[in-house]
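Per numbering that gives the first Met the number 0, the sequence shown starts with residue 0, numbered consecutively.
For glycine and all other residues, C-beta sits at the position ideal for the given N, C-alpha and C.
Working notes, structure below.
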Amino acid sequence: MKPTTFHPTRRGFLKAMLATKIMPAFVPARLLRAGQAPSSRITLGVIGVGAQGLYDMRNFLGYDDVRVTAVCDVNRRNIETARGVIGEAYGSRDVKVFSDFREMNADRSIDAVLMALPVHWHSIAAQDTILQGKHIYHEKPMAMSFEEARRVRDAVHKTGVVFQFGTQQRSDLYFRWACELALNGRLGKVKEIQVSVPGGKEGPPFPEQPVPEYVDWDRWVGPAPMTAFHEDKLQRDNHENITNFSLGMISCWGIHHLDIAQWGNSADRTGPRFVEGEGVFPKEGAFDAILRWKVRFEYAGAAPMTFVQDGTEGYEHGIRFVGESGWAHVTRGALNLYNPDVLRDPQNKCGTMPIRLAASPDHMRNFVDAIRNGTRAICDIDTAVRSDILCQIALIAVKRARRLEWDPQAERFVDDDQANAMLRSRAFRGDWRLKEA
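What follows is the structure, encoded as structure tokens:
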């Protein structure tokens, strides 16, 4: 039987959306946080206004009850582009400009922060933001290590700020619908989940270039080991495949689909018990992050999950829930099902079945509303860390080349000191440190 395909229109890929402005309905102001007076607008600072930061910021610029008042970046070209975008939205480019996020976070007039930095900066910048008492929209992934992610989580628990993780697929109807179909037995008992995301890349080495005047390269590298400058390293699709700055696509892309797979696997408050995998890394060139992999997670009381990179034979980009009666496959752009009648049945509509997941029509709006209502965002810190752990332990399993036992409650491997050592943070360069929350 030919599958039915449903095509969403509210989200496309990043390049197609950079010029889009989402204009949600105005929500009356309530308390921003405990002890703070009501305000008609949430003031927002943006740390990192490269491609991802601009995309996210454009959405916030469309909200009547949010005002972007500050931007921070060590790249002056990014700053000027951001000021231009703000000017188009507000009719004025007048906005506070910072090159040091710590100075921006110290500004008491700012209520919340959007952070969209290269991954190697995530934990330090996020922790400082949170400990300054600011709500944070934290672009994915969490960090370079589980220890760093844990420190950020500790800071959120200590301060009680609203934390929203940038895994926006939780606010997409089609991903939620696929999960609810799986959880409500509409596919029969789920016996396997398949997850496929883009893999890594290869390329010739970057020759060293003089550092241009428009970027503070020392600050851009920050806590990571110093490396020679090349302009192409500033590009997201490049630095996310260099282990000086990232864990690679297994994390940067993997977090999106692994998060949804776990959501639809009755495992959102726990994690796998065993993990094993294999993979291939570049032998030379500019990029050294993992290229290809095949990892298997086994759960206690939930379906096993296979995680691969796109192009792996027998797997299709996205998340496929395979049940005893049929399958559902979901990705950005389509929800496919083995039987069209299942989706046409009114009793199988999203939000009508007995097991109903949290509903959010828009991810950034959900963050703003959580601040106003004093509630948790749909991708709160605990959800974020549990999903991010999957990326971390997948890579560790590949590197260890053996089956590992994972304790999801203790958040450590059982009887493997070498694997547990890989959960720890690497040494930071210079004076950069994480604080004890």
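Secondary structure remark: continuous alpha helix (DSSP H) runs of at least 4 residues inside the stretch 68-99, in chain order: 75-89. Taken atom to atom, the span from the alpha-carbon of Asn-183 to that of Trp-176 is near 10 Å. Rounded to whole angstroms, the separation of the alpha carbons of Gly-90 and Val-84 is 10 Å. Ranked by how close their Cα comes to the Cα of Trp-292, the residues Val-274, Gln-417, Leu-180 have Val-274 in first place.
Around the beta carbon of Asp-258, a 10 Å sphere encloses 16 or more other beta carbons of the protein chains shown; the residue is thus reported as buried. Between the C-alpha atoms of Gly-270 and Arg-385 there is a straight-line separation of about 7 Å. In this structure Gln-308 is buried. Its beta-carbon is surrounded by 16 or more other beta-carbon atoms within 10 angstroms. Gln-193 is positioned such that its CB atom lies closer than 8 Å to that of Val-321. A buried status is given to Arg-149, since no fewer than 16 other beta-carbon atoms sit within 10 Å of its beta-carbon. Here Tyr-298 carries a coil assignment [DSSP, helix/strand/coil]. Note that the C-beta distance between Ala-302 and Lys-190 is below 8 Å. Between Leu-334 and Ala-327, the alpha-carbon positions lie close to 7 Å from each other.
Thr-42 is bridged by DSSP to Arg-66.
Taking the Cα positions, Val-220 is about 28 Å away from Arg-399. Annotated as distal: Val-151 and Cys-251, with beta-carbon spacing of 8 Å or more.
Leu-60 sits close to Ala-88, with the two beta carbons spaced by under 8 Å. Collapsing the DSSP output to three states places Ser-245 in coil. Phe-412 has Trp-405 as its beta-bridge partners, per DSSP. In this structure Phe-97 does not touch Ala-124 by the C-beta definition: roughly 12 Å separates them, more than the 8 Å allowed. Under the 8 Å Cβ criterion, the stretch 357-367 counts as touching the stretch 61-73, having at least three qualifying pairs.
Within the DSSP secondary-structure output, Leu-113 pairs in a beta bridge with Val-45, Tyr-136.
Under the three-state reduction of DSSP output, Asn-335 falls in the strand class. Restricting attention to Glu-410, Lys-200, Arg-268, Gly-253, the CA atom closest to the CA of Asn-240 is found in Lys-200. Excluding its 5 nearest sequence neighbours in each direction, Asp-215 has C-beta neighbours in its own chain below 6 Å: Val-73, listed in chain order. Per DSSP, Val-151 is not a residue of any beta strand (DSSP E); the alpha helix (DSSP H) it occupies stretches across 145-158.
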